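In the order they appear, the protein sequences are chains S, B and C. Under the working numbering, the first sequence has 85 at position 85, and the numbering climbs by one with no breaks. Under the working numbering, the second sequence has 379 at position 255, and the numbering climbs by one with no breaks. Under the working numbering, the third sequence has 677 at position 62, and the numbering climbs by one with no breaks. Glycine included, C-beta positions come from ideal geometry on N, C-alpha and C. Keep in mind the model is a prediction, meaning the values are calculated, not measured.
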Amino acid sequence: MVDLSQYLPILIFLVIALGLSTLFVFLPMATARLTGVYNPTAEKLSEYECGFPAFEDARSQFDVKFYLVAISFIIFDLEAAFLFPWAVSLGVTGWVGWTGMMIFLGILAIGLAYEWKIGALDWD
Amino acid sequence: MNFATSLMLIGAELGLCLVALVLLLLSAWLPRAAARVLTIAAASALAGASIYTLALLLNGTAGPDANAFGALLRLDAFSAVAKLLIYLSTFACLVVTPSFFERRGQYRGEYPVLLLFNAVGMSLLVSATDLMTLYIGLELSSLSSYILASFARSDMRSAEAGLKYFILGGLASGILLYGMSLVYGFAGSTNFDAIRTALAGELGTGALFGIVLVFAGLAFKISAVPFHMWTPDVYDGAPTPVTTFFAGAPKIAAVAILTRLSFSAFGEQFAAWQQIVAFVALASIVVGALGAIGQENLKRVLAYSSINNVGFLLIGLATGTAAGVSAMLIYLAIYAVMTLGSFVALLMLHDADGVPMETFGSIAGLAQRKPALAWALLVLMFSLAGIPPLFGFYAKLVVFQAAVDAGLIALATVGIAASVIGAFYYIKFVKVMFFDARPSSDARAEVARNPAGHWSVLAASTVLLSPLGFLLTPAMERWAAAAASALFLTA
Amino acid sequence: MIQLFAFYMFATIVILAAVMVILARNPVHSVLWLILAFFNAAGLMVLVGAEFVAVLLVIVYVGAVAVLFLFVVMMLDIDVASMRAGFVRNAPLGFAVALVLLAEMVLGFGAYRAGGLALGTPAAPSQALPGLSNIQNVGALLYTRYVFLFEMAGLILLVAMIGAIVLTHRDRRGSAARQDIARQIGRKPVDATVMTRPKVGEGVEL
Numbered sequence: 001m002v003d004l005s006q007y008l009p010i011l012i013f014l015v016i017a018l019g020l021s022t023l024f025v026f027l028p029m030a031t032a033r034l035t036g037v038y039n040p041t042a043e044k045l046s047e048y049e050c051g052f053p054a055f056e057d058a059r060s061q062f063d064v065k066f067y068l069v070a071i072s073f074i075i076f077d078l079e080a081a082f083l084f085p086w087a088v089s090l091g092v093t094g095w096v097g098w099t100g101m102m103i104f105l106g107i108l109a110i111g112l113a114y115e116w117k118i119g120a121l122d123w124d
Numbered sequence: 125m126n127f128a129t130s131l132m133l134i135g136a137e138l139g140l141c142l143v144a145l146v147l148l149l150l151s152a153w154l155p156r157a158a159a160r161v162l163t164i165a166a167a168s169a170l171a172g173a174s175i176y177t178l179a180l181l182l183n184g185t186a187g188p189d190a191n192a193f194g195a196l197l198r199l200d201a202f203s204a205v206a207k208l209l210i211y212l213s214t215f216a217c218l219v220v221t222p223s224f225f226e227r228r229g230q231y232r233g234e235y236p237v238l239l240l241f242n243a244v245g246m247s248l249l250v251s252a253t254d255l256m257t258l259y260i261g262l263e264l265s266s267l268s269s270y271i272l273a274s275f276a277r278s279d280m281r282s283a284e285a286g287l288k289y290f291i292l293g294g295l296a297s298g299i300l301l302y303g304m305s306l307v308y309g310f311a312g313s314t315n316f317d318a319i320r321t322a323l324a325g326e327l328g329t330g331a332l333f334g335i336v337l338v339f340a341g342l343a344f345k346i347s348a349v350p351f352h353m354w355t356p357d358v359y360d361g362a363p364t365p366v367t368t369f370f371a372g373a374p375k376i377a378a379v380a381i382l383t384r385l386s387f388s389a390f391g392e393q394f395a396a397w398q399q400i401v402a403f404v405a406l407a408s409i410v411v412g413a414l415g416a417i418g419q420e421n422l423k424r425v426l427a428y429s430s431i432n433n434v435g436f437l438l439i440g441l442a443t444g445t446a447a448g449v450s451a452m453l454i455y456l457a458i459y460a461v462m463t464l465g466s467f468v469a470l471l472m473l474h475d476a477d478g479v480p481m482e483t484f485g486s487i488a489g490l491a492q493r494k495p496a497l498a499w500a501l502l503v504l505m506f507s508l509a510g511i512p513p514l515f516g517f518y519a520k521l522v523v524f525q526a527a528v529d530a531g532l533i534a535l536a537t538v539g540i541a542a543s544v545i546g547a548f549y550y551i552k553f554v555k556v557m558f559f560d561a562r563p564s565s566d567a568r569a570e571v572a573r574n575p576a577g578h579w580s581v582l583a584a585s586t587v588l589l590s591p592l593g594f595l596l597t598p599a600m601e602r603w604a605a606a607a608a609s610a611l612f613l614t615a
Numbered sequence: 616m617i618q619l620f621a622f623y624m625f626a627t628i629v630i631l632a633a634v635m636v637i638l639a640r641n642p643v644h645s646v647l648w649l650i651l652a653f654f655n656a657a658g659l660m661v662l663v664g665a666e667f668v669a670v671l672l673v674i675v676y677v678g679a680v681a682v683l684f685l686f687v688v689m690m691l692d693i694d695v696a697s698m699r700a701g702f703v704r705n706a707p708l709g710f711a712v713a714l715v716l717l718a719e720m721v722l723g724f725g726a727y728r729a730g731g732l733a734l735g736t737p738a739a740p741s742q743a744l745p746g747l748s749n750i751q752n753v754g755a756l757l758y759t760r761y762v763f764l765f766e767m768a769g770l771i772l773l774v775a776m777i778g779a780i781v782l783t784h785r786d787r788r789g790s791a792a793r794q795d796i797a798r799q800i801g802r803k804p805v806d807a808t809v810m811t812r813p814k815v816g817e818g819v820e821l
């Protein structure tokens, strides 16, 4: 088993963060409920959008351009994820590892050049 | 690990990768009209890769210990033969592709690039001797296939085909990966030879589950029953040149890796997978033969025909003998030619506006309108049905011969019975073309002219399938036997 | 003790969140549950000592894949009502499949209890190097022994990129709405205005 005590600070941090954020959400609600007058009606509870009832569902279809951006993000995100182990193990892998990564980056650089030239990075 | 040797062994793939990368950049910089030039470049790269592979095979470099990168890949006679088949059928697909998309204004330089990457993935797949190489090769090939299936993106059916293929293909990859991780867990290695050693002896339940899941995942990729549901829809929806490709090269690659995996990694567990393969073979033959009967769309008929043919291929695998594998390879080569020819013929059936004629109704009386096309289709269909003077008969003969020799009499009997049923719809093609009157309300335009590339591919496949093909049998038998024995050297 | 506690916490939340992914009626909620499931799976990875995998799970899945899932969900025009109708219609079949799966799980668990699981020992090249951390071990294998597969993984990423562009990119370079900043800045008054001196009573000919 791994020595997990090194993760204790982050565990404590997470517990405190969770506790505080819960407090911030529920404490005002509880205070309002306990001190104010609680008397809901249908009108009070209806949604309010600049004085009008909401026109449509908040979920609407949007342009496929966003998708292209998200895909590019994921691809380069994955590329970056490969860089972490490469960077820390360069002492073991030596020139083989270095050359390998350069070829990998080269392949994706070609992809980036293609993407750029074809106009996929332009918004309009 | 010697990098120079490794690079020399994968020279064909390396060349294809480099050409594909250059073509990718060119497709962005050159105008759209240059796509045809890029296609020619890609086709020549494939031809070069075939020559390189053939040279390695002939000068004896390709051998059982031609391992590249540790033991990730092996260039033996088996992978060299499979690669040649893959490169050549991809080459033929490239020849017939551009005019189809150009008529619709959809052609672009990415098409040949994706096809080249697909070819790289497939050749990694067939030479894989490690589960990880297998998976990477499979994904490289599948991912580009999904894109190709929906290449005509403004066409609803093409987009639907791509999406269906993607979702079901993703599921199959997941199943395969799950099986592979089980196999790795119980064997302790991803290398085929090491798995073979580790799994020798009695097979535990967990490892058995792994093997079954791996077979299920690969059965999906070769569209064998019961994992065939996607095939008619995808073949029907995808643009016809893409379907031509799907029915050929990827299927060759998947069948080849299934064979290699069965004999090298799971070779000690023949008893465990023989039942699965025999069942899948039977089911594919029967479903493929029966499913096509009610179909009106020609592409769907050919899709069922390919399911049916996969069943015959798997009979060769189920024998578990070198003779069976060699019969399977012969069948694979002839199947590739038959399916290529019939889809190219289908591709040539369109009117002057480029609207495809894809139903039985639209080819009625074709013999009077386009006798050459009709006669070529006659040869192709009779060959698919396995009617004696044609070469397709020889393919079925060697497979059944191997099955009978291995004592699988029942399998062979059912196979022969089902091929008689299957002959029904092949003969229906011929009946409709030659004996049905053309529709009297002939507002329908004539079948338009086709470029020379289509005619040459069609002519080449027709000649190969005619009785002249029998001249090739000694050479084919020699190659197939060499390839098959490469798998059994480790045994 | 704390490890045991952490394991059960993460494992319970993973399973619950995975169940909720399927049960949530709103697809967006499903995605949010999925993120929770991934996050807790990352916690499990930390527990078994695979820190790098945990980091990957957070970076790649929780970040990128969740973003992508949200996009896909937003882009698909899913009619929730008709989906529910299909659910009711297919429910018996779904239950049948679920029963089969349950039976299989029970069988599998029975086999496990019978002691049928004998895991293989890792082959020599994939055994950990002493004195190196988890992530260094990953690197030491990935960039030497499997460097070729690593390059091929790069090609897969490239194909994914080409695919996204081929399938979704629409060339707007010809359209009027496109902004070309260089042209905009390089524009001079001479290009846009004409000085004329029309005579009285005559119009300007443009």
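Kindly say whether residue i, judged by its beta-carbon, lies nearer than 8 Å to any beta-carbon of chain C.
{"i": "residue 38/S", "result": "no"}
{"i": "residue 573/B", "result": "no"}
{"i": "residue 291/B", "result": "no"}
{"i": "residue 217/B", "result": "no"}
{"i": "residue 19/S", "result": "no"}
{"i": "residue 86/S", "result": "yes"}
{"i": "residue 101/S", "result": "yes"}
{"i": "residue 237/B", "result": "yes"}
{"i": "residue 73/S", "result": "yes"}
Identify, in the order they occur along the chain, each residue of the same chain with its Cβ nearer than 7 Å to the Cβ of residue i, setting aside the five sequence neighbours on each side.
{"i": "residue 560/B", "result": "488 and 489"}
{"i": "residue 205/B", "result": "453, 603 and 607"}
{"i": "residue 308/B", "result": "255 and 314"}
Out of the options, which has the shortest C-alpha to C-alpha gap to residue i?
{"i": "residue 553/B", "options": "500/B, 522/B, 526/B and 595/B", "result": "500/B"}
{"i": "residue 485/B", "options": "280/B, 558/B, 495/B and 429/B", "result": "558/B"}
{"i": "residue 572/B", "options": "497/B, 512/B, 506/B and 513/B", "result": "497/B"}
{"i": "residue 556/B", "options": "520/B, 257/B, 491/B and 473/B", "result": "491/B"}
{"i": "residue 756/C", "options": "31/S, 86/S, 36/S and 123/S", "result": "86/S"}
{"i": "residue 549/B", "options": "270/B, 225/B, 504/B and 157/B", "result": "504/B"}
Taking 8 Å as the CB-CB cut-off, is residue i touching chain S?
{"i": "residue 766/C", "result": "yes"}
{"i": "residue 148/B", "result": "yes"}
{"i": "residue 152/B", "result": "yes"}
{"i": "residue 145/B", "result": "yes"}
Three-state secondary structure (DSSP) at residue i?
{"i": "residue 236/B", "result": "helix"}
{"i": "residue 567/B", "result": "Interpretation of residue 567/B is limited by its pLDDT of 49, a score under 50 that renders its predicted location unreliable; no figure is taken from the coordinates."}
{"i": "residue 360/B", "result": "helix"}
{"i": "residue 252/B", "result": "strand"}
{"i": "residue 221/B", "result": "coil"}
{"i": "residue 139/B", "result": "helix"}
Apart from the five residues just before and just after residue i, which ones in its own chain have a Cβ nearer than 8 Å to its Cβ?
{"i": "residue 120/S", "result": "68 and 72"}
{"i": "residue 532/B", "result": "402, 439, 442 and 443"}
{"i": "residue 218/B", "result": "163, 166, 167, 170, 236 and 239"}
By the criterion of Cβ-Cβ separation under 9 Å, what are the contact partners of residue i in chain A?
{"i": "residue 588/B", "result": "As a matter of chain content, chain A is missing from the structure shown, whose protein chains are S, B and C."}
Could you name the residues of the same chain whose beta carbon sits closer than 6 Å to that of residue i, not counting the 5 residues immediately before and after it, in chain order?
{"i": "residue 230/B", "result": "276"}
{"i": "residue 345/B", "result": "378"}
{"i": "residue 244/B", "result": "137, 140 and 141"}
Is residue i close to chain B, meaning its C-beta is less than 8 Å from at least one C-beta of that chain?
{"i": "residue 117/S", "result": "yes"}
{"i": "residue 110/S", "result": "yes"}
{"i": "residue 131/S", "result": "Chain S is shown from 1 up to 124; residue 131/S falls before or after that span and cannot be answered."}
{"i": "residue 32/S", "result": "no"}
{"i": "residue 70/S", "result": "no"}
{"i": "residue 653/C", "result": "no"}
Within 7 Å: the Cβ of residue i and any heavy atom of the ligand PLP?
{"i": "residue 502/B", "result": "You won't find the ligand PLP in this model; it holds no ligand whatsoever."}
Evaluate the contact criterion for the region 414-428 of chain B versus the region 576-585 of chain B: three or more CB pairs, one atom per stretch, below 8 Å. Taking a contact to require three or more Cβ pairs closer than 8 Å, the region 414-428 of chain B and the region 576-585 of chain B do not qualify as touching.
Say whether the region 182-199 of chain B touches the region 132-144 of chain B, bearing in mind that this needs 3 or more beta-carbon pairs closer than 8 Å, one atom from each stretch. By the Cβ criterion, the region 182-199 of chain B is in contact with the region 132-144 of chain B, since at least three pairs of Cβ atoms, one from each stretch, lie closer than 8 Å.
Does the region 167-186 of chain B come close enough to the region 136-154 of chain B to have 3 or more Cβ pairs within less than 8 Å? Touching, per the Cβ criterion.
Check whether the region 581-595 of chain B and the region 173-181 of chain B touch, using three or more Cβ-Cβ pairs below 8 Å as the test. Result no; under three Cβ-Cβ pairs closer than 8 Å.
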